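Under numbering that gives the first Met the number 0, the very last position in the sequence shown is 172; numbers go up by exactly one each time.
In this text, a Cβ means the ideal position worked out from N, Cα and C, and glycines have one as well.
Since this is a predicted model, take the numbers as computed values, not measurements.
What follows is a short report on a single structure.
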Amino acid sequence: MGQFKVKRGYNLPLEGSPEGKLVVVPQPKQVAVQATDFRNLRPQMKVEPGDHVKIGSVLFTDKKQPDVKFLAPAAGKVNDVVRGDRRRILRIVIDVETSNESVEFPRYTDTQIKTLERAQVINALVEGGMWPALRQRPFSNIADLDKPPKAIFISGLDTAPLAADPNFYMKEL
């Protein structure tokens, strides 16, 4: 594969910056998990409209990697499974309830984390629904569970135009 060298970036002529103010927003009445956010994903549904889910309940898995799970971000009732062309799943809509019931996942202390084996770390990420956040280059697909990565890149700063200032939101923690 060829290499690309970026000699100069392009600065967008945007004026101003984000306002340094935190706003508390009310809990939404509905949330949706967008299957279209993940390239080359073939969702296999585990819930149907009318099912009640807890935070962390499995909504669907990937047909190519059945161990990769996509979890509910809120507790409530599955309102709709929106489909597109050729019955492709676009999103799962959940009516949010105030109960905030959640699925329990194993917790680890700092010392336990240091002693975990690779398989245990992968299992914790998969069971906790965090594996889809790990992307495989060059096409930003969900990382393959069976292939160890050649390199790991961690993006610690949002460089998008008008991104929030990390100095502002870190002092609020």
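**Asked** Since Lys68 sits in a beta bridge, which residues does DSSP pair it with?
**Response** Residue mapping note: residue 68 aligns to position 69 of the sequence shown, counting from 1. Beta-bridge pairing links Lys68 to Thr60.
**Request:** Reducing DSSP to helix, strand and coil, say where Arg117 ends up.
**Result:** Residue mapping note: residue 117 aligns to position 118 of the sequence shown, counting from 1. The answer is helix: DSSP assigns Arg117 an H, G or I state.
**Message:** Between the alpha carbons of Lys53 and Pro165, how many angstroms are there, rounded?
**Reply:** For the purposes of this step, residue 53 is taken as the residue at position 54 of the sequence shown. For the purposes of this step, residue 165 is taken as the residue at position 166 of the sequence shown. Cα to Cα, Lys53 sits roughly 32 Å from Pro165.
**Request:** Sort out for me which residues DSSP pairs Asp109 with in a bridge.
**Result:** For the purposes of this step, residue 109 is taken as the residue at position 110 of the sequence shown. Its beta-bridge partners do not exist; DSSP assigns none.
**Request:** Spell out the partners DSSP gives Asn140 in its beta bridges.
**Result:** As a working note, residue 140 is residue 141 in the sequence shown. Partner(s): Gln135.
**Request:** In the DSSP assignment, find the alpha helix (DSSP H) that holds Met44 and state where it starts and stops.
**Result:** As a first step, residue 44 must be located in the sequence shown, where it is residue number 45. Here Met44 belongs to no alpha helix (DSSP H); instead the beta strand (DSSP E) covers Pro42 to Met44.
**Asked** Roughly how many whole angstroms lie between the Cα atoms of Thr110 and Glu116?
**Response** Here residue 110 corresponds to residue number 111 of the sequence shown, with the count starting at 1. Here residue 116 corresponds to residue number 117 of the sequence shown, with the count starting at 1. Going from the Cα of Thr110 to the Cα of Glu116 covers about 13 Å.
**Message:** Buried or exposed for Gly75, going by 16 or more other Cβ atoms inside 10 Å?
**Reply:** As a position in the sequence shown, residue 75 is number 76, starting the count at 1. It is buried - the Cβ of Gly75 has at least 16 other Cβ atoms within 10 Å.
**Own chain residues within Cβ distance below 7 Å of Phe138, not counting five before or after** = In the sequence shown, residue 138 corresponds to position 139, counting from 1. Once the five neighbours on either side are set aside, the close Cβ partners of Phe138 are Arg38.
**Test item: CB-CB of Lys28 and Asp79 under 8 Å** = Start at 1 with the first residue of the sequence shown, and residue 28 comes out as number 29. Start at 1 with the first residue of the sequence shown, and residue 79 comes out as number 80. Not a contact, by the Cβ cut-off of 8 Å.
**Request:** Please say whether Val32 and Lys45 have beta carbons closer to each other than 8 Å?
**Result:** Along the sequence shown, one-based indexing puts residue 45 at 46. Along the sequence shown, one-based indexing puts residue 32 at 33. No, the Cβ-Cβ distance between Lys45 and Val32 is not below 8 Å.
**Item:** N- and C-terminal bounds of the beta strand (DSSP E) containing Lys76
**Value:** Here residue 76 corresponds to residue number 77 of the sequence shown, with the count starting at 1. Unbroken beta strand (DSSP E) run through Lys76: Gly75 to Arg82.
**Item:** Local conformation of Asp94 per DSSP, three classes
**Value:** Counting from 1 along the sequence shown, the entry for residue 94 is found at position 95. If DSSP states are grouped into helix, strand and coil, Asp94 belongs with the strands.
**Request:** Enumerate in chain order the residues of its own chain whose CB-to-CB distance from Val121 is below 7 Å, with the five nearest sequence positions on each side excluded.
**Result:** Here the question's residue 121 lines up with position 122 in the sequence shown. Here residue 121 turns out to be Ile, not Val, going by the sequence shown. Contacts found: Leu144.
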